[in-house]
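Visitor:
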Amino acid sequence: MVGMFAKAFEKVRQWGNDLILVASIWALLGAAVLAAVWKYWTQYAPLITAGAVGFVLVFVGIVAYQILRRSEKAVPVDVENIEATVRRWADELGWGIQRIEDTGAFFALKFTLPSSSESFVVASRMKALPRYLAVVVAVRLTADDITALNRLPRGEANAFASSIRLEMSRAKIEYRNLDLPLTEPLSLQRTLPITAALTEDSFMASVHSVITAKNLLSELIVNKLRIPAGSHG
Numbered sequence: 000m001v002g003m004f005a006k007a008f009e010k011v012r013q014w015g016n017d018l019i020l021v022a023s024i025w026a027l028l029g030a031a032v033l034a035a036v037w038k039y040w041t042q043y044a045p046l047i048t049a050g051a052v053g054f055v056l057v058f059v060g061i062v063a064y065q066i067l068r069r070s071e072k073a074v075p076v077d078v079e080n081i082e083a084t085v086r087r088w089a090d091e092l093g094w095g096i097q098r099i100e101d102t103g104a105f106f107a108l109k110f111t112l113p114s115s116s117e118s119f120v121v122a123s124r125m126k127a128l129p130r131y132l133a134v135v136v137a138v139r140l141t142a143d144d145i146t147a148l149n150r151l152p153r154g155e156a157n158a159f160a161s162s163i164r165l166e167m168s169r170a171k172i173e174y175r176n177l178d179l180p181l182t183e184p185l186s187l188q189r190t191l192p193i194t195a196a197l198t199e200d201s202f203m204a205s206v207h208s209v210i211t212a213k214n215l216l217s218e219l220i221v222n223k224l225r226i227p228a229g230s231h232g
């Protein structure tokens, strides 16, 4: 019985866009079942009826929730509601949210992903690009890694930096401070137009793309530094 109800609830969730049809089907099925129960199993009828009423109440709650969610998502994304919208998406995904100060931005939100306390991105609406949402991830390098990279011969350093730029371009990732010798923290970025076409899915895809690019860049740097020092000359 519990398994049947669980499957029913899952169907209701999946058919959120056809709530009236689903409600009508359940109403007809419920009425038919209760009619049969009262006719053939009278001794169990009160208990089953009470259960059915409880099920209907839960069902109505799910329907109301789906309608509310659909009405929220129906509001087009624009520059006025982008911060609240991004906050809501992150909250629904279970991400940690922290507002950070950035004088160059209308807002900047730091999101910590539940997979790792070290995996975080910053989403901001920059004053220089007011109609765009920037999704940025920092690339953390140790002092030893930075020193080792900066000691590469000029030709080798330029070739390595070019190979990294090529990989980022293939992934359609913007980059900052990707010049050797390194003097500023590295960062990777995707920039999204703030329009009605911006959705939770496209936002999540951008977050995952910058994190994937960060992991790739870190791997390229680590592999480069594992080359024996004698091979650099």
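Counting from 0, one number per residue, gives the positions in the sequence shown under numbering that gives the first Met the number 0.
Every residue, glycine too, gets a C-beta built ideally from N, C-alpha and C.
#1: Under the three-state reduction of DSSP, which class applies to Arg-124: helix, strand or coil?
#2: What is the residue span of the alpha helix (DSSP H) that Gly-95 lies within?
#3: Please classify Lys-171: is it buried, with 16 or more other beta-carbons within 10 angstroms of its beta-carbon, or exposed?
#4: Please classify Leu-165: is it buried, with 16 or more other beta-carbons within 10 angstroms of its beta-carbon, or exposed?
#5: Taking 8 Å as the cut-off, does the stretch 188–202 touch the stretch 78–94 (at least 3 CB pairs, one atom from each stretch)?
#6: What's the gap between the Cα of Glu-82 and the Cα of Phe-106?
#7: Quick one: is Val-76 buried, meaning 16 or more other Cβ sit within 10 Å of its Cβ, or exposed?
#8: What does Ala-107 pair with, by DSSP beta-bridge criteria?
#9: Using alpha carbons as the reference points, say which of Glu-79, Pro-113, Gly-103, Val-74 lies closest to Gly-93.
#10: For the structure I just gave you, are there three or more beta carbon pairs, one from the stretch 206–219 and one from the stretch 120–140, closer than 8 Å?
#11: Figure out for me which residue from Thr-198, Glu-173, Arg-98, Ala-196 has the closest Cα to the Cα of Ile-210.
#12: Just grab the DSSP bridge partners of Val-135 for me.
#13: Quick one, which of Ala-160, Leu-128, Ser-208, Ala-104 has its alpha-carbon nearest Ile-220's?
#14: For Ala-127 and Arg-153, I'd like the C-alpha separation in whole angstroms.
#15: Closest to Thr-102 by CA distance: which of Met-125, Val-134, Thr-190 is it?
Guide: A quick look at the data gives this:
#1: The DSSP-derived three-state label of Arg-124 is strand.
#2: Element bounds for Gly-95: not the alpha helix (DSSP H) but the beta strand (DSSP E), 95–98.
#3: So Lys-171 ends up on the exposed side.
#4: Looking at its Cβ environment, which holds fewer than 16 other Cβ atoms inside 10 Å, Leu-165 is exposed.
#5: Yes, the stretch 78–94 is in contact with the stretch 188–202.
#6: One C-alpha to the other measures close to 7 Å.
#7: Burial is judged here by how many other beta carbons sit within 10 angstroms of a residue's own beta carbon; Val-76 has at least 16 and is buried.
#8: According to DSSP, which records beta bridges pairwise, Ala-107 is partnered with Ser-123.
#9: Checking every option, the nearest Cα to that of Gly-93 belongs to Pro-113.
#10: Because the criterion of three Cβ pairs below 8 Å is met, the stretch 206–219 and the stretch 120–140 touch.
#11: Selected option, being the one with the closest Cα: Glu-173.
#12: Answer by DSSP bridge pairing, in chain order: Val-121, Gln-188.
#13: Measuring C-alpha to C-alpha distances from Ile-220 to each of Ala-160, Leu-128, Ser-208, Ala-104 identifies Ala-160 as the nearest.
#14: Computed Cα separation, rounded: 34 Å.
#15: Nearest of Met-125, Val-134, Thr-190 to Thr-102, Cα basis: Met-125.
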